[in-house]
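Please read the structure below before turning to the comments.
In full-length UniProt numbering, the protein residues as written are 1 to 93.
Okay, here's the thing in structure tokens:
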């Protein structure tokens, strides 16, 4: 995700692949016959059509991204505070 000028978060595409659909378990390796390209060179209209609309149809809206970042930040902070408390207890012994 990328932070926007308004302070929200948006999606970015680093790289994309166009490959035939696979039934069953997907392979980790990507063959030479699969087309891939950097996200820097994708047409903006294609980006909106393929990625933004695809993700928004599945509930990944900018609001969801903002809520996710807030939740994860809070969770990470809580873990960090718990870690510091455990260090404090260890040092006090």
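Ideal Cβ positions, reconstructed from N, Cα and C, are used throughout, including at glycine. All values reported here derive from a predicted model rather than from experimental measurement.
Cut-off 7 Å between Cβ atoms - residues of its own chain near residue i, not counting five sequence neighbours on either side
| i | result |
| --- | --- |
| residue 82 | none |
| residue 70 | none |
Check: residue i C-beta below 7 Å from any heavy atom of the ligand NAD
| i | result |
| --- | --- |
| residue 74 | The ligand NAD is absent from the structure shown, which contains no ligands of any kind. |
Sequence ranges, beta strand (DSSP E) only - wholly within the segment 35 to 75, length at least 3:
If only uninterrupted beta strand (DSSP E) runs of at least 3 residues are considered, those enclosed by the segment 35 to 75 are 35 to 38.
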